[in-house]
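Asker:
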Amino acid sequence: MSSAAISYMIFTVFSQLSVGALIAMVVADFLAKDNDQAKFFETGAWVSVPVAVIGLIGILSHEARPIQAMMTMTKNVGTSMLSNEVLALTIFVILAVIYTILWVLHPDYGSLKWFPIFPAIVGKFVKLRKPLGVLAAIVGLGFLYVSAAAYMMYQLPSLNIITTPMFFYVTALLGGFTAVAAVLSVKYLVKKTNEESLSRMLWITMVVALVMLIVLIAALIMQPGLLGAAETEYALVARHETLDLMQTGEYATMTMARWALGVGLALILTIVLAVPLKKKNMAMAAMIVVVLFIVVLIGELMGRYVIFGTNVPMGHVLPNIDAFYSSIGL
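When we follow my numbering, the leftmost residue of the sequence shown carries the number 10, and every step to the right adds one.
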């Protein structure tokens with residue numbers, strides 16, 4: 010697989026995971042009944058922004074001049090879906106940064122409350138945190154839609170199917186919720202506090218994970234059938250080549266591993282999680298969630314590796330490739 014495809018794999022998985030992590034924190038924000046519970050949840054606020062940064066580094070890592078590339082991508086907002094994707098992500102990250110600051114610099118329980126001056130300023134705006142979080146979550150969900158649309162173009166037949174947005178939303182919610190839950194679980198395993206807070210968050214995470222895994226299974230079952238049909242002859246050829254790649258060699262192995270690990274094992278862990286939660290064995294529940302997140306992350310990376318690695322652009326099957334690229338302005 011090309012370095013560009015790897016970059017897109019990293020960018021899409023981690024930027025989407027960032028959205029889900031922020032949504033999970035908004036849920037935690039509403040779950041917190043007092044400062045003690047908010048202090049416990051605050052650690053999860055450190056997930057979204059760093060993960061988004063990893064995604065941005067991934068997409069720019071294959072560019073010889075990353076800053077110039079970023080500036081170029083922002084010039085065609087409104088006419089280019091790629092530019093719209095960058096704009097949506099930029100707005101989301103800005104909101105996510107502000108939302109995170111309102112957590113970590115909270116004057117009572119923020120992990121950076123020792124920082125001079127800023128906690129006192131942040132304290133005046135804490136009441137805005139929940140509505141800001143909701144706004145950021147809405148923008149994040151919009152980013153996922155725009156991001157999927159950026160790849161669902163006729164020039165990329167294998168991505169121009171309904172499973173593309175399904176995969177993107179699954180990565181966001183499944184990966185994001187389990188990421189935050191895993192961080193909080195590690196905190197619990199270290200400090201052994203706030204069992205009730207963790208329990209409520211893990212129940213919600215379990216439900217979200219179960220629903221998203223069902224959606225993922227549906228998307229994976231639908232994908233071969235969608236790749237077996239197309240509106241034009243050349244799109245059909247491109248999709249058939251993609252399907253052949255998925256069913257042979259390293260991509261077939263990766264697909265099977267994704268089914269076994271990212272779907273099968275993840276589903277088992279999600280269902281099993283209910284047992285220690287019912288028995289209030291939070292140490293066991295916390296360990297299961299940490300493993301679940303690792304399994305989910307590996308599974309999503311493998312899935313995205315297959316999607317981008319097997320993608321056959323229309324230009325590769327057209328009889329006159331030069332004319333094709335000229336027609337789209339390249």
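We put the CB at the ideal spot given by N, CA and C, even for glycine.
First and last residue of the alpha helix (DSSP H) that includes M175?
Answerer: For M175, the enclosing alpha helix (DSSP H) stretches over residues T172 to V179.
Asker: Determine whether the beta carbon atoms of L168 and Y160 lie at a separation below 9 Å.
Answerer: yes
Asker: If G308 and A283 are in contact, beta carbons under 8 Å, what's the gap, nearest whole angstrom?
Answerer: So it is not a contact: roughly 20 Å between Cβ atoms.
Asker: Which residue wins for smallest C-alpha separation from G67, given the options D43, V246, Q25 and V56?
Answerer: Q25
Asker: Which term fits H325, buried or exposed, when burial requires 16 or more other beta carbons within 10 angstroms of its beta carbon?
Answerer: exposed
Asker: Straight-line CA distance for M90 to P174?
Answerer: 14 Å
Asker: If you draw a straight line from the alpha carbon of H249 to that of A228, how long is it in whole angstroms?
Answerer: Roughly 18 Å separates the two Cα atoms.
Asker: Please list, in chain order, all residues of the same chain as V299 whose beta carbon is under 7 Å from its beta carbon, the five residues on each side excluded.
Answerer: Contacts found: A191, S194 and V195.
Asker: So, helix, strand or coil for D117, using DSSP?
Answerer: coil
Asker: Rounded to the nearest angstrom, what separates L286 and S57 at their Cα positions?
Answerer: Here the C-alpha atom of L286 lies approximately 26 Å from the C-alpha atom of S57.
Asker: Report yes or no: do the segment 212–226 and the segment 144–158 share at least 3 C-beta pairs separated by less than 8 Å?
Answerer: No: the two stretches stay apart, fewer than three of their Cβ pairs being nearer than 8 Å.
Asker: Comparing alpha-carbon positions, which option in A181, T319, L165 and V199 lies nearest Y243?
Answerer: L165
Asker: Taking only the alpha-carbon atoms, compute the straight-line gap between A247 and D253 and give it to the nearest angstrom.
Answerer: Cα to Cα, the separation comes out at about 10 Å.
Asker: Measuring alpha carbon to alpha carbon, tell me which residue in V315, I147 and A269 is nearest L31.
Answerer: I147
Asker: Between the C-alpha atoms of A73 and T319, what's the straight-line distance to the nearest angstrom?
Answerer: Low confidence applies to A73: its pLDDT is 44, below 50, so where it sits in the model is not reliable enough to give any reading.
Asker: On a CA-only basis, which of V22, A54, N203 and V305 is nearest A105? Give me that one, please.
Answerer: A54
Asker: So for E240, helix, strand or coil by DSSP?
Answerer: In the displayed model, E240 falls within coil according to three-state DSSP, outside both helix and strand.
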